[in-house]
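Numbering (my numbering), first residue to last: 10 to 103.
And the structure:
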């Protein structure tokens with residue numbers, strides 16, 4: 010009889026519609042808010058704009074998921090590491 014190990018870190022690699030759980034949640038929040046916009050606006054341009062926005066967001070999230078190293082806004086570590094308090098208050102005369 011085969012023995013199977015319990016894989017406890019399955020949430021780290023879970024994918025829904027090609028997106029990770031956090032990106033899927035972001036996409037669903039945008040879809041629900043877009044539905045609210047569509048319900049309360051009666052403009053065809055607004056409906057088309059919301060559909061284009063959701064499609065563009067989905068494509069952007071898929072690209073970020075496939076290549077996460079492509080978008081880095083800052084480095085991993087700061088250039089200067091210090092214990093000094095970062096305050097602009099002056100406690101004495103110079």
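Every residue, glycine too, gets a C-beta built ideally from N, C-alpha and C.
Item, Value
"Pairwise C-alpha distance: residue 32 and residue 38", "10 Å"
"CA-to-CA distance, residue 76 to residue 89, given in whole angstroms", "29 Å"
"Nonlocal neighbours in the same chain, by C-beta distance under 6 Å from residue 46, ignoring five residues either side", "59"
"Buried versus exposed, by CB contacts within 10 Å (16 or more), residue 44", "exposed"
"Candidates 54, 91, 69: closest to residue 29 by CA position", "69"
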